[in-house]
Amino acid sequence: MAKQFSGMYAALMTGMDDAGEFSPDRQRNIDAYVLRQGLAGLYVGGSSGESGLLGTDELMAQQAVVAESAKGHDARLIAHVGVPSLRDSVALARRAEALGYHALSALPPHAYPFSDEEVLAYYRALSAATALPLIVYEVPIRTGRPFGLDTLVQLLEMPGVGGIKFTSTDLFKFSMLRRRCPDSLFYFGFDEVYITGAALGADGGIGTTYNILGRLYVALDAAMRAGDLAHAQELQDLSQRFVEALLEIGVLPGMKAAFRAIGVECGPTRAPLTPKIADAEARMKAVLDQPEFKRWLV
């Protein structure tokens, strides 16, 4: 993938109505806020968007709403299409291509303990299904197992695969993979320690908390590229404070509460995702009303 795909991407959240059904209007509310933050683009239909709880028809509907919202904005669109069924993944990929998305990404198949060969076959089929570049995904916290270095190299060397979203704490493997695949694009996926991925050469990040604090993460990435470590550390500290507050609530319910706290009506998370505490919105408002956070809101 060309380096024009580098930068910071919000792992976009999904708008729901009060009954927990996909809401195009509330999706547009989220899109409008996130698109004002100067991010490189949006990562649509991923785990942050509750994709594991949505049907293929809903994911396609979301793709269409976001594509319409992004018109007139300088934002690249990456469609996450990784669902357990290869057939559904291919259908999502082709729909995204038809809607004008710029790239695809996918979790490895994760409904069963698939072998490495089965995972490789899945990605081969998906990369061949469209002309869009594919971003593969290393995320042991979601799949339950890490891939070996040699398997990741095989993935990145596949025709049509342009890069990887690396959401793992194995930073030595990240560095070895970068040396083995220097022409691939590397996104780092842990918001609260993005500074470490950037220090090791990440081309950008894809993160959940970018939905609310995208401007902060753009500035954090810029500080790292300018060699201003002290400023980058200050910004990462703010990021970590925000994430700590989210963890008390649950990350996705906390993010939805944060959106409501700043006046962006996004609806609830879909069951069984629920907040861990009763005053989630008040808790997130107290955090975001602090001047050091407020300056990063749009």
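My numbering numbers the first residue of the sequence shown as 865 and each following residue consecutively. Glycine included, C-beta positions come from ideal geometry on N, C-alpha and C.
Kindly indicate the opening and closing residues of the beta strand (DSSP E) around residue i.
| i | result |
| --- | --- |
| Ile-1164 | One cannot answer for residue 1164 here, as it falls past the ends of the chain, which runs 865 to 1162. |
| Arg-940 | 940-944 |
| Tyr-907 | 905-908 |
| Lys-1029 | 1025-1030 |
| Tyr-873 | 871-875 |
| Gly-1069 | 1068-1071 |
Thinking residue i and residue j are a contact (beta carbons under 8 Å), I'd like their distance in whole angstroms, please.
| i | j | result |
| --- | --- | --- |
| Glu-877 | Asn-1075 | A small fix is needed here, since residue 877 is Met in this sequence, not Glu. Correct: roughly 5 Å between the Cβ atoms. |
| Lys-1120 | Pro-1132 | 6 Å |
| Asp-889 | Ser-933 | Actually they are not in contact, since the Cβ atoms of Asp-889 and Ser-933 sit about 11 Å apart, beyond 8 Å. |
| Ser-912 | Leu-1102 | Incorrect: roughly 19 Å between the Cβ atoms, too far for contact. |
| Thr-994 | Ala-957 | 5 Å |
| Ala-1062 | Met-1088 | 4 Å |
| Ala-929 | Leu-941 | Checking the sequence shown, residue 929 turns out to be Val, not Ala. Contact doesn't hold; Cβ gap of about 12 Å is too wide. |
| Glu-1002 | Ser-1032 | 5 Å |
Consult DSSP for residue i and reduce its assignment to one of helix, strand or coil.
| i | result |
| --- | --- |
| Lys-935 | coil |
| Gly-1053 | coil |
| Ala-1122 | helix |
| Ile-1141 | coil |
| Gly-919 | coil |
| Gly-1078 | helix |
| Phe-1011 | coil |
| Leu-963 | coil |
| Leu-1016 | helix |
| Ser-969 | strand |
| Met-880 | strand |
| Pro-1136 | coil |
| Pro-948 | coil |
| Leu-1161 | coil |
| Val-954 | helix |
| Gly-913 | helix |
| Val-1151 | helix |
| Val-1128 | coil |
| Met-1088 | helix |
| Leu-1022 | The residue asked about is misnamed: residue 1022 is Met in this sequence, not Leu. Met-1022 falls in the coil class under three-state DSSP. |
| Pro-1117 | helix |
| Ala-975 | coil |
How is the alpha helix (DSSP H) around residue i delimited, first residue to last?
| i | result |
| --- | --- |
| Leu-1110 | 1093-1113 |
| Tyr-897 | 888-899 |
| Met-1040 | 1035-1044 |
| Gly-1061 | 1058-1063 |
| Val-983 | 980-993 |
| Lys-1158 | 1155-1158 |
Would you check if the distance between the CB atom of residue i and the CB atom of residue j is smaller than 9 Å?
| i | j | result |
| --- | --- | --- |
| Arg-1042 | Gly-1065 | yes |
| Leu-1035 | Tyr-1058 | no |
| Arg-825 | Ile-1141 | The structure shown does not extend to residue 825, since the chain is modelled only from 865 to 1162, so the question has no answer here. |
| Leu-984 | Met-924 | no |
| Ala-874 | Gly-1053 | no |
| Leu-990 | Val-954 | yes |
| Gly-946 | Pro-973 | yes |
| Leu-1161 | Ile-1126 | yes |
| Val-1082 | Met-872 | yes |
| Lys-1029 | Leu-1013 | no |
| His-944 | Ser-915 | yes |
| Gln-927 | Leu-971 | no |
| Asp-980 | Thr-1015 | yes |
| Tyr-897 | Phe-1123 | yes |
| Phe-886 | Leu-918 | yes |
Does any residue of chain C have a CB that is nearer than 9 Å to the CB of residue i?
| i | result |
| --- | --- |
| Phe-1106 | Structure shown: chain C not included; a single protein chain is present. |
**OP:** Assess, as a yes-or-no matter, whether the region 1064-1082 is touched by the region 903-918 under the definition of 3 or more beta carbon pairs within less than 8 Å.
**Re:** The region 903-918 vs the region 1064-1082: in contact.
**OP:** For the region 987-1000 and the region 961-974, state whether three or more C-beta atom pairs, one from each stretch, are separated by less than 8 Å.
**Re:** yes
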